[in-house]
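There are 2 protein chains.
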Amino acid sequence: MERPRSGCPVNLAVELLGDGWSLLVLRDVMFADRHTFGELHTGSPEGIATNMLADRLHKLTRAGLLTREPVPGHKQKVHYRLTETALDLFPVLLAMAAFSLRHLHPDPELAAFARDLQEGGPEREAEVLARIRRANGLAEPRPAGAA
Amino acid sequence: MERPRSGCPVNLAVELLGDGWSLLVLRDVMFADRHTFGELHTGSPEGIATNMLADRLHKLTRAGLLTREPVPGHKQKVHYRLTETALDLFPVLLAMAAFSLRHLHPDPELAAFARDLQEGGPEREAEVLARIRRANGLAEPRPAGAA
Numbered sequence: 047m048e049r050p051r052s053g054c055p056v057n058l059a060v061e062l063l064g065d066g067w068s069l070l071v072l073r074d075v076m077f078a079d080r081h082t083f084g085e086l087h088t089g090s091p092e093g094i095a096t097n098m099l100a101d102r103l104h105k106l107t108r109a110g111l112l113t114r115e116p117v118p119g120h121k122q123k124v125h126y127r128l129t130e131t132a133l134d135l136f137p138v139l140l141a142m143a144a145f146s147l148r149h150l151h152p153d154p155e156l157a158a159f160a161r162d163l164q165e166g167g168p169e170r171e172a173e174v175l176a177r178i179r180r181a182n183g184l185a186e187p188r189p190a191g192a193a
Numbered sequence: 047m048e049r050p051r052s053g054c055p056v057n058l059a060v061e062l063l064g065d066g067w068s069l070l071v072l073r074d075v076m077f078a079d080r081h082t083f084g085e086l087h088t089g090s091p092e093g094i095a096t097n098m099l100a101d102r103l104h105k106l107t108r109a110g111l112l113t114r115e116p117v118p119g120h121k122q123k124v125h126y127r128l129t130e131t132a133l134d135l136f137p138v139l140l141a142m143a144a145f146s147l148r149h150l151h152p153d154p155e156l157a158a159f160a161r162d163l164q165e166g167g168p169e170r171e172a173e174v175l176a177r178i179r180r181a182n183g184l185a186e187p188r189p190a191g192a193a
């Protein structure tokens, strides 16, 4: 990050993620299993433009939220995956979705997953997190108390 | 809100709040007890410009997140207060702050309050929420199960 406007924790998160697109790209990698430029572009419910997508992928990779790995055997094809750091944005995305479900009248179809997650409680959240870990090549965390 | 890019719950929250300043204005009303234009301008740790602040106050008021009331006996003086809807952004701001505390190296002094809130758990959160309610003229919520 360039020199921040202030060192307030809320501001640092806003400067990193509050640009109108970064959180949507992370949402798509996290919840829609989109990992290539093509998938993220054609699958975007908001119709993200290619230059915007390229810029945000670059920014998120540089910030340590995504990794960028060539796909073996596919010249020019690259897989974007969430890092452990990005996984810690799961509660932020959930809190934003919960606010929307309550106040912003989301599309029922696009909101079905968020609603399911909210109603399923901590167990369902753990299930979804484990699935996200597998899809992004992240190891299962050690159970608390394990050596 | 104008016609959203999509009805996805995360996107609706991003469109409402992901503009780089709205969440900081709400943070200052919520956690720093700033309620007038002057307080919000001179107290801003990020040095928000007056035209930006005026624009965001207008937007947040129109969106039902702030109320705007003349201060009796002070011509031209206006108090901005959080609505019940805005109070539901408390968990979003907390989740963002928690992410920052863990990954973005905030200024220790500016992060002290967020850290205290995080370490204090649900009891401390309830205390702070009750204080925010009083400062914004919002009634205490009825205890669950009350008639």
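Chains as they are written, first to last, in this note's numbering: chain H, 47 to 193; chain C, 47 to 193. The beta-carbon is built from N, C-alpha and C at its ideal position, and this holds for glycine as well.
Task: Residues bridged to C:Pro116 [DSSP beta-bridge criterion] - done: Residue 116 of chain C sits at position 70 when you count from the first residue of the second sequence. Note: C:Pro116 sits in a beta bridge opposite C:Val124.
Are at least three pairs of beta-carbons, each pair with one atom in the segment 179-189 of chain H and one in the segment 76-85 of chain C, less than 8 Å apart?
-> At 8 Å Cβ cutoff, the stretches do not touch.
Under 8 Å Cβ-Cβ, which residues of chain C neighbour H:Asp101?
-> As a working note, residue 101 of chain H is residue 55 in the first sequence. Neighbours of H:Asp101 on chain C: none; closest Cβ ~15 Å, over 8 Å.
* To do: Using 10 angstroms around the beta-carbon of H:Gly119, count the other beta-carbons present and answer buried if the total reaches 16, otherwise exposed.
  => The residue labelled residue 119 of chain H in the question sits at position 73 within the first sequence. By the 10 Å Cβ count, H:Gly119 comes out exposed.
Q: Can you tell me which of the three DSSP states H:Thr107 falls into?
A: Walking along the first sequence from the start, residue 107 of chain H turns up at place 61. Helix, per DSSP.
- [ ] Determine, using beta carbons only, whether H:Met98 comes closer than 8 Å to chain C.
- [x] The residue given as residue 98 of chain H occupies position 52 in the first sequence. For H:Met98, not one C-beta of chain C is nearer than 8 Å to its own C-beta.
| said: Contact between the segment 144-151 of chain C and the segment 125-134 of chain H is defined here as three or more beta-carbon pairs at a separation below 8 Å; is this criterion met? | reply: Yes, they touch.
Does chain H have any CB closer than 8 Å to the CB of C:Thr131? Working through the second sequence from its first residue, we reach residue 131 of chain C at position 85. Interface residue, yes.
Report task. Give the secondary structure of C:Asn97 by DSSP, where H, G and I count as helix, E and B as strand, and everything else as coil. Result -> As a first step, residue 97 of chain C must be located in the second sequence, where it is residue number 51. In this structure, C:Asn97 counts as helix in the three-state DSSP scheme.
(request) Kindly indicate if chain C contains any beta-carbon less than 8 Å away from that of H:Gly64. (result) Within the first sequence, residue 64 of chain H is the residue found at index 18, counting from 1. True, the Cβ-Cβ gap to chain C drops below 8 Å.
I want to verify the contact list: residues of chain C whose CB lies under 7 Å from the CB of H:Gly53, in sequence order. In the first sequence, counting from the first residue as 1, residue 53 of chain H sits at position 7. Residues of chain C with a Cβ closer than 7 Å to the Cβ of H:Gly53 are, in chain order, Pro152, Asp153 and Leu156.
If you compare alpha carbons, which of H:Glu169, H:Ala141, H:Glu115 and H:Pro137 is closest to H:Thr82?
-> Position 36 of the first sequence, counted from the first residue, corresponds to residue 82 of chain H. Among H:Glu169, H:Ala141, H:Glu115 and H:Pro137, the Cα nearest to that of H:Thr82 belongs to H:Glu115.
Exercise. Could one say the Cβ of C:His104 lies closer than 8 Å to chain H's Cβ atoms, at least one of them?
Worked result: For the purposes of this step, residue 104 of chain C is taken as residue 58 along the second sequence, with counting starting at 1. Among the residues facing chain H, C:His104 is not included, as its CB has no counterpart in that chain under 8 Å away.
Rounded C-alpha distance that separates C:Glu165 from H:Cys54:
What you label residue 165 of chain C is simply residue 119 of the second sequence in a count that begins at 1. What you label residue 54 of chain H is simply residue 8 of the first sequence in a count that begins at 1. Taking the straight line from one Cα to the other gives about 17 Å.
H:Ser88, DSSP secondary structure in three states:
Residue 88 of chain H sits at position 42 when you count from the first residue of the first sequence. Residue identity differs from the one stated: residue 88 of chain H is Thr in this sequence, not Ser. If DSSP states are grouped into helix, strand and coil, H:Thr88 belongs with the helices.
Rounded to whole angstroms, what's the CA-CA distance from C:Arg80 to C:Thr107? Just pull it up for me. Position 34 of the second sequence, counting from 1, holds the residue named residue 80 of chain C. Position 61 of the second sequence, counting from 1, holds the residue named residue 107 of chain C. Roughly 15 Å between the two C-alpha positions.
CA-CA distance, H:Pro91 and C:Gly183? The sequence position of residue 91 of chain H within the first sequence is 45, counting from 1. The sequence position of residue 183 of chain C within the second sequence is 137, counting from 1. About 39 Å.
For this session: Could you tell me whether any Cβ in chain H is nearer than 8 Å to the Cβ of C:Arg179?
Result: For the purposes of this step, residue 179 of chain C is taken as the residue at position 133 of the second sequence. Taking CB atoms only, C:Arg179 has no neighbour in chain H less than 8 Å away.
Legend entry - Any C-beta of chain C under 8 Å from that of H:Val71: Reading the first sequence from its first residue, position 25 is the one you call residue 71 of chain H. It does not: the Cβ of H:Val71 has no partner Cβ on chain C nearer than 8 Å.
TODO: Check each residue of the segment 131-146 of chain H: if its Cβ is closer than 8 Å to any Cβ of chain C, include it; give the result in chain order.
DONE: Of all residues in the segment 131-146 of chain H, Thr131, Asp134, Leu135, Pro137, Val138, Leu139, Leu140, Ala141, Met142, Ala143, Ala144, Phe145 and Ser146 have a Cβ within less than 8 Å of some Cβ in chain C.
### Message
Residues in the same chain with beta-carbon distance under 7 Å from H:Arg102, minus the five sequence neighbours each way, listed in chain order, please.
### Response
The residue labelled residue 102 of chain H in the question sits at position 56 within the first sequence. So the qualifying residues of the chain are Trp67, Ser68 and Val71.
So what's H:Thr131 in DSSP terms, helix, strand or just coil? Counted from its first residue, the first sequence places residue 131 of chain H at position 85. DSSP places H:Thr131 in the helix class (H, G or I) of the three-state scheme.
Sorted by chain position, which residues of the same chain lie with C-beta nearer than 8 Å to H:Gly89's C-beta, five sequence neighbours on each side aside?
-> If you number the first sequence from 1, residue 89 of chain H lands on position 43. Taken in chain order, the residues that qualify are Asp74, Ala78 and Arg80.
Give the secondary structure of H:Ala59 by DSSP, where H, G and I count as helix, E and B as strand, and everything else as coil.
As a first step, residue 59 of chain H must be located in the first sequence, where it is residue number 13. Residue state for H:Ala59 is assigned as helix, using DSSP reduced to three classes.
Neighbourhood of H:Asn57 by C-beta distance below 7 Å, restricted to the same chain and skipping five residues each side
Here residue 57 of chain H is taken as the residue at index 11 of the first sequence, counted from 1. Cβ within range, chain order: Pro50 and Arg51.
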